[in-house]
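Following: one structure in structure tokens, then a few remarks.
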């Protein structure tokens, strides 16, 4: 993968900020506990809901020629129409990823309308609306590497993964899969950014890279001449919208919205357009505890 030095540093910085934000979000839980809960009556009284989005996380939210694009850009119009039927508007605030989740947990914004992955740590601060996409982990290999296929072929090979990420936290699931094949995982190399990892994969320093499904699909869509998608290396994972645990009525609102766009076919339409496939078997209920998440993801 070719980068200028400036681009590489910028990508590394953005990814590091996304990683560090998780720690900041968890620390903000004490602050969130002292904030007055936002309920639907309050939203209707003020006349609007505030949702925080970002603009540099394709294919969820990103900018093309100065204009917003992506899955959430399109779905925001559906959210606004759904809210209008209930008597209030939706106001979007575009924030950098750093601080975005903490701003929601502290009550500055009502929800994060972005591609947040459900994790154990985040579930200690947030409840999540029913997932809008799979975040199951898959491996990526070089397109011309025919030596990798099933789990056994990964044994002993060098893998790249983002430091401090949900992907790294669930790597023990792959280790168990390998143990079932009577073999062990090879060297694990941690990176601050995925562009770094993919560069090393392309030049042969890594044998494979583990990332979430949508990111893998997006990579192969744009760089299929260099990279190929492998098989799943974890149980299920989920991308969903975080809502403060102190706002149960807002969680109910977003659950109703998910039911609405699922039933009218809009969700499957946008999933196919932006993620490369639809996900008809996602959980239909909110995810509100670590125990529930582990059960849904097959981690028990």
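Numbering (this note's numbering), first residue to last: 1483 to 1782.
Every residue gets a Cβ at the ideal spot worked out from N, C-alpha and C, and that includes glycine.
The structure presented is a predicted model; accordingly, all values stated were derived computationally and were not measured.
Q: Measure from the alpha carbon of residue 1639 to the alpha carbon of each residue in 1614, 1620, 1691 and 1597, then state which is nearest.
A: 1691
Q. What separation, rounded to the nearest whole angstrom, lies between the Cα atoms of residue 1718 and residue 1752?
A. 20 Å
Q. With C-beta atoms as the reference, is residue 1725 less than 7 Å away from residue 1609?
A. yes
Q: Go to residue 1699, then tell me how far its alpha helix (DSSP H) extends in each direction, as first and last residue.
A: 1695 to 1705
(Q) Tell me which residue opens and which closes the alpha helix (DSSP H) that residue 1634 is part of. (A) From DSSP, residue 1634 is part of no alpha helix (DSSP H); its letter is neither H nor E.
Q | Endpoints, alpha helix (DSSP H) assigned at residue 1741 | A | 1730 to 1745
Q. By how many angstroms is the C-alpha of residue 1703 removed from the C-alpha of residue 1758?
A. 8 Å
Q) In chain order, what residues of the same chain lie with their CB nearer than 7 Å to the CB of residue 1768, ignoring the 5 residues before and after it? A) 1609, 1610, 1611, 1612, 1733 and 1737
Q. Taking Cβ to Cβ, would you say residue 1533 is nearer than 7 Å to residue 1590?
A. no
**Q.** Among 1700, 1754, 1762 and 1755, the one whose alpha carbon lies nearest that of residue 1745
**A.** 1762
**Q.** Beta-carbon separation (whole angstroms), residue 1709 vs residue 1625, contact threshold 8 Å
**A.** 6 Å
Q: With a 10 Å radius around its C-beta and 16 neighbouring C-beta atoms as the bar for buried, classify residue 1693 as buried or exposed.
A: buried
Q) Does the segment 1549 to 1565 come close enough to the segment 1673 to 1690 to have 3 or more Cβ pairs within less than 8 Å? A) no
Q.
Buried or exposed for residue 1675, going by 16 or more other Cβ atoms inside 10 Å?
A. buried
Q) What does a CB cutoff of less than 7 Å around residue 1650 pick up in its chain, not counting 5 residues either side in sequence? A) 1643, 1644 and 1672
Q) Using DSSP with H/G/I as helix, E/B as strand and the rest coil, what is residue 1595? A) coil
Q: Identify whether residue 1759 lies in helix, strand or coil by the three-state DSSP scheme.
A: coil
Q | Classification of residue 1537 by the beta-carbon crowding that lies within 10 angstroms, buried from 16 upward | A | buried
Q: Answer yes or no: do residue 1695 and residue 1620 have a C-beta to C-beta separation smaller than 7 Å?
A: yes
Q) Which residues mark the beginning and the end of the alpha helix (DSSP H) in which residue 1660 is found? A) 1653 to 1662
**Q.** Start-to-end residues for the beta strand (DSSP E) that takes in residue 1613
**A.** Neither: residue 1613 is in no beta strand (DSSP E) and is coded neither H nor E.
Q: Could you check how far apart the C-beta atoms of residue 1587 and residue 1720 are, in whole angstroms? I think they sit under 8 Å.
A: Residue 1587 to residue 1720, Cβ: 19 Å. No contact.
Q) Buried or exposed: which applies to residue 1764, given that a residue is buried once 16 or more other Cβ atoms fall within 10 Å of its Cβ? A) buried
Q. Do you know whose CA, among 1668, 1528, 1602 and 1535, lies nearest residue 1571's CA?
A. 1528
Q) What residue range is occupied by the uninterrupted alpha helix (DSSP H) comprising residue 1526? A) 1522 to 1528
Q: Measure the CB-CB distance between residue 1568 and residue 1716 and report whether it falls below 7 Å.
A: no
Q: Please state whether DSSP places residue 1550 in a helix, a strand or coil.
A: strand
(Q) On the criterion of 16 or more Cβ atoms from any shown chain inside 10 Å, does residue 1712 qualify as buried, or is it exposed? (A) buried
Q: Tell me whether residue 1578 sits in a helix, a strand or coil according to DSSP, three-state version.
A: coil
Q: Starting from the C-beta of residue 1657, find all residues in its chain whose C-beta is less than 6 Å away, skip the five residues before and the five after it, and write them out in chain order.
A: 1667
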